[in-house]
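Only one structure is covered here, and it is reproduced in the block below.
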Amino acid sequence: EALTAQLEAVPEPGPAGICDLPGYAARKTALAEELRAADEALAQICRQDGALEQGLRGRADELEAEMDGLRTELSRESILADAQSRMEKYEGERRAAGAELSRLDGLLYLSDAFTRYKSERITGAVNALFERTRFRLFTQQLNGGQGECCDPLWEGRPYGTISEGERAKTGLDVINSLMRAYDLRLPVF
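If you want it as structure tokens, here you go:
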């Protein structure tokens with residue numbers, strides 16, 4: 302019983318706390334300091350990450366702009382290459398057209414020369430039928446071509462400018478030439 306009384310006299314200890322451990326306060330202060338340093342380092346890292354992220358985004362934007370410029374330049378180069386190939390094609394077509402034009406010009410010149418030669422031969426053949434009267438069957442036009450006409454000439458002068466006597470001689474020359482051509486003998490008064 303004495304023990305029981307003694308036991309009852311001893312106050313009952315309260316629950317044991319962490320705060321009562323030896324070195325707890327120093328350890329708590331050290332841990333709080335480490336936690337604050339870690340929070341500060343984390344905030345510093347977040348700030349650096351934000352700045353780094355901002356820098357990386359800016360660099361990415363710069364690279365994207367440079368890529369757009371390169372795409373534009375590449376499209377210009379492809380447009381220039383297409384234009385160059387079209388120019389080469391058109392140059393070949395121009396050369397072919399020039400050769401064809403030169404060939405046609407040569408044919409046109411030959412045609413004009415033949416027409417002049419033929420008109421001179423026809424005029425010569427017709428004028429050979431008459432003794433003194435000549436005919437101008439073709440006239441030279443301003444554009445270099447020849448126009449058809451049938452102007453009688455007496456000694457190189459047009460029929461409209463000669464005298465009445467020369468007109469009568471021209472008429473007799475024409476009548477005599479037709480009589481020879483058709484082998485007729487007609488009295489002319």
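The working numbering puts the first residue of the sequence shown at 302, with every later residue one more than the last.
Just so you know, even glycine gets a beta-carbon here, dropped at the ideal spot from N, CA and C.
None of these values were measured; they are calculated from a predicted model.
At the C-beta level, residue 448 and residue 439 come within 9 Å of one another. Per DSSP, residue 375 has no beta-bridge partner at all. Looking at the DSSP output, residue 447 shares a beta bridge with 441. By the beta-carbon neighbour count (other beta carbons within 10 angstroms, threshold 16), residue 459 is exposed. Residue 454 carries a strand assignment under DSSP once its states are collapsed to helix, strand and coil. For residue 391 and residue 402, the gap between their C-alpha atoms comes out near 16 Å. For residue 468, the enclosing alpha helix (DSSP H) starts and ends at 465–483.
Contact between residue 436 and residue 451 holds: CB atoms are separated by about 6 Å, below the 8 Å threshold.
Bridge partners of residue 417 according to DSSP: none are assigned.
The three-state secondary structure of residue 486, taken from DSSP, is coil. In the structure shown, residue 433 adopts coil according to DSSP, grouped into three states. Residue 329 and residue 355 have their C-alpha atoms roughly 38 Å apart. If you ignore the 5 residues before and after residue 474, its C-beta comes within less than 7 Å of the C-beta of 431, 432, 433, 434, all in its own chain and listed in chain order. Under a 10 Å Cβ-count criterion, residue 471 is classified as buried, with 16 or more other Cβ atoms of the shown protein chains found around its own Cβ. Cβ contact annotation for residue 487 (same chain, cutoff 8 Å, sequence separation greater than five): 476, 480, in chain order.
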